[in-house]
Amino acid sequence: QNHVLTLMSMAARIYKHPSLKNSINLVVVKVLVVDEAAAGPEVSDNGGLTLRNFCSWQQRFNPPSDRHPEHYDTAILLTRQDFCGHQSCDTLGVADIGTMCDRNKSCSVIEDEGLQAAYTLAHELGHVLSMPHDDSKTCERLFGPLGKHHMMAPLFIHLNKTQPWSPCSAMYLTEFLDGGHGDCLLDAPADPLSLPAELPGQGALYSLDQQCQQIFGKDFQHCPTTVPAGFLRLLGHVSPFLSGKSFREQQCEKYNSYNFTDLEGNRLEWVPKYAGVSPRDRCKLFCRARGRSEFKVFEAKVIDGTLCGPETLSICVHGQCIKAGCDHVVGSSKKLDKCGVCGGNGSTCRKISGSLNRSKYGYNDIVTIPAGATNIDIKQRSHRGVRHDGNYLALRTLEGNLVKGTILKYSGSLRTLERLQSFRQLPEPLTVQLLTIASEIFPPKVKYTFFIPKDVPFSKQKGKEKKSANVIRPMLTSQWVLGDWSECSKTCGSGWQRRTVDCRDVEGQTSSACDRALKPEDIKPCGDVPCPLWRLGPWSPCSQTCGEGVRTRNASCIDY
Numbered sequence: 001q002n003h004v005l006t007l008m009s010m011a012a013r014i015y016k017h018p019s020l021k022n023s024i025n026l027v028v029v030k031v032l033v034v035d036e037a038a039a040g041p042e043v044s045d046n047g048g049l050t051l052r053n054f055c056s057w058q059q060r061f062n063p064p065s066d067r068h069p070e071h072y073d074t075a076i077l078l079t080r081q082d083f084c085g086h087q088s089c090d091t092l093g094v095a096d097i098g099t100m101c102d103r104n105k106s107c108s109v110i111e112d113e114g115l116q117a118a119y120t121l122a123h124e125l126g127h128v129l130s131m132p133h134d135d136s137k138t139c140e141r142l143f144g145p146l147g148k149h150h151m152m153a154p155l156f157i158h159l160n161k162t163q164p165w166s167p168c169s170a171m172y173l174t175e176f177l178d179g180g181h182g183d184c185l186l187d188a189p190a191d192p193l194s195l196p197a198e199l200p201g202q203g204a205l206y207s208l209d210q211q212c213q214q215i216f217g218k219d220f221q222h223c224p225t226t227v228p229a230g231f232l233r234l235l236g237h238v239s240p241f242l243s244g245k246s247f248r249e250q251q252c253e254k255y256n257s258y259n260f261t262d263l264e265g266n267r268l269e270w271v272p273k274y275a276g277v278s279p280r281d282r283c284k285l286f287c288r289a290r291g292r293s294e295f296k297v298f299e300a301k302v303i304d305g306t307l308c309g310p311e312t313l314s315i316c317v318h319g320q321c322i323k324a325g326c327d328h329v330v331g332s333s334k335k336l337d338k339c340g341v342c343g344g345n346g347s348t349c350r351k352i353s354g355s356l357n358r359s360k361y362g363y364n365d366i367v368t369i370p371a372g373a374t375n376i377d378i379k380q381r382s383h384r385g386v387r388h389d390g391n392y393l394a395l396r397t398l399e400g401n402l403v404k405g406t407i408l409k410y411s412g413s414l415r416t417l418e419r420l421q422s423f424r425q426l427p428e429p430l431t432v433q434l435l436t437i438a439s440e441i442f443p444p445k446v447k448y449t450f451f452i453p454k455d456v457p458f459s460k461q462k463g464k465e466k467k468s469a470n471v472i473r474p475m476l477t478s479q480w481v482l483g484d485w486s487e488c489s490k491t492c493g494s495g496w497q498r499r500t501v502d503c504r505d506v507e508g509q510t511s512s513a514c515d516r517a518l519k520p521e522d523i524k525p526c527g528d529v530p531c532p533l534w535r536l537g538p539w540s541p542c543s544q545t546c547g548e549g550v551r552t553r554n555a556s557c558i559d560y
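Heads up: the sequence shown begins at 1 in UniProt numbering, then just goes up one per residue.
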């Protein structure tokens, strides 16, 4: 009961804020604790159905006379049940709009996630008092975009403490009360329960450790930070350095223990999938079988604090991609400067640039980029716009290993401009090379730029030929020239991609001298995004015990 009264006390403070433009006093007259499920309303993950069941159940406890000391104007159910909608389980509360003073419908159901449920409680009470979401068409038409930091935002990350209620919420409440729809609220309660005067965390009410344990369990404790109130700092979920694993990788790896196998019985390992994922789905847990195209959507939303993607600072909160700065603070506008310094002014580094326009057969060293370099941009433009001109970018580390702890963005060699980019700090030296197999006909056009700290020494080197027994000698007549792949023929499910494959001579003219047996494919299957599907629930019991009746079931359209 003390927990419930604490939540009501927090919500009552929010309703007393002057931005609401109306005097609202929340008072509790009765608290019922249901210890056995059979004695309470039927509760399920269907929030709407739970609301109906609760509204019906609570009527037996509400004396009809306003003068009775236990008569109440609205009923609230607090439950640990996770409510789900059609596409996700992000719902924290359910209520009908404008039902205050309607004895049969003045109800709301709240998912109790600890003390933060006080905000959900205040939000759902707002609906009962006729307030719509701040992003409703009426609100936006009258007041413009209202942002995500007021009580009636459909999703808010932190509350605007100077104006917790939007002007639209205040307007709707005023019209509701002026229209006489809230007259049941005018009578003063005879014997209200007293609410705690102190906020959680003050005095001995609830320590910060206790607040963590309410939500996550007894083994958790508060993690102290120096972040100002109103911001969320994400600790431990930032990109890993060197060979560390990202937070999303760890979430995919959890499903390795489920022992998924392919048709041959080989055990599958799961890694994050980024390619082909719609921007709106970046906060779902897409995992791909390592070394394969097969993938699964294991979770409707990743754990809060997961980066939205490998090349962004934005993070996922409640299944939504939220902007964050390089300081990992939600809503921060801090960015990495060209030197890779968060919030810097670009004064701690210097620019290095160079080019290469001559090469020999084999691997030619272009430049060794030192550790700590940022904003690397290497371009190799094909000769006269001919794809596959015999010059290809290559990389190697000093130890000959894979590059660890950084993301390299590569255009592919099928374009007339082959490009390699990296924006984060390079954790180890990296040598950029050019593989040349037709330099006498198509000379290279390589340009590179990057930034290094001012105290890091650097000297350019001339291109060196690296002998390789594996280099293919060029056929100096005609070759297959490839076009870009078309868009997939289907937006979901299985489709096809096509491209042009033409035989061209060294002047770029159409030729018939290419080996037909070596002609690359001009069509390939595509489509790794599943189509929406219907998820069907179980049939209900027949509505009649004899004669003709009906059976119903839920049908939800699931969009991946």
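Don't be surprised by glycine CBs; every beta carbon is placed ideally from N, CA and C.
In this text, all values refer to a predicted model and were calculated from it rather than measured experimentally.
- Cα atoms of Ala11 and Pro192: separation of roughly 16 Å, rounded to the nearest angstrom.
- By a beta-carbon distance limit of 8 Å, Pro69 does not contact Ala188. Their separation comes to about 11 Å.
- Look at the stretch 75 to 161 and you find these whole runs of beta strand (DSSP E), each 3 residues long or longer: 75 to 79, 93 to 95, 107 to 111.
- Burial state of Asn53 is buried, judged by a 10 Å Cβ sphere holding 16 or more other Cβ atoms.
- Burial of Asp112 is indicated by the presence of at least 16 other C-beta atoms within 10 angstroms of its C-beta.
- CA-CA distance, Asn25 to Ala275, rounds to 52 Å.
- Ser136 is positioned such that its CB atom lies no closer than 8 Å to that of Glu124.
- Between Thr368 and the set Pro429, Lys335, Leu336, Ser382, the nearest pair of CA atoms involves Pro429.
- About 5 Å separates the beta carbons of Ile14 and Ala122, which is inside the 8 Å limit, making them a contact pair.
- Under the three-state reduction of DSSP output, Arg350 falls in the strand class.
- DSSP places Asn266 outside both helix and strand once states are collapsed to three, so it counts as coil.
- DSSP places Asp505 inside the beta strand (DSSP E), whose first and last residues are 501 to 505.
- Excluding sequence positions up to five before and after Pro41, its CB lies within less than 6 Å of the CB of Asn53, Phe54, Trp57, all in the same chain and listed in chain order.
- In the DSSP assignment, Trp534 forms a beta bridge with Cys557.
- Closest option to Leu417, judged by alpha-carbon separation, among Thr431, Tyr448, Ile322: Tyr448.
- Nearest to Ser19 by alpha-carbon distance, out of Ala394, Gln163, Phe176, Ser246, is Gln163.
- With a 10 Å radius around the Cβ and a threshold of 16 neighbouring Cβ atoms, Phe61 comes out exposed.
- Proximity to Lys360 across Ile376, Gln479, Cys283, Pro443 peaks at Pro443, based on C-alpha coordinates.
- The alpha-carbon separation between Trp165 and Lys273 amounts to approximately 40 Å.
- For Arg381, no alpha helix (DSSP H) run applies; the uninterrupted beta strand (DSSP E) run containing it begins and ends at 374 to 381, by DSSP.
- Ranked by Cα distance from Gln425, the first of Cys349, Gly390, Ser411, Gln479 is Cys349.
- Closest by C-alpha distance to Gly319, out of Asp304, Gly325, Gly331, is Asp304.
- In the three-state reduction of the DSSP assignment, Leu285 falls in the strand class, which pools E and B.
- The three-state reading of DSSP puts Thr6 in helix, counting H, G and I together.
- Of the other Cβ atoms in all chains shown, fewer than 16 fall within 10 Å of the Cβ of Trp534; this residue is therefore exposed.
- For Gln544, the three-state secondary structure derived from DSSP is coil.
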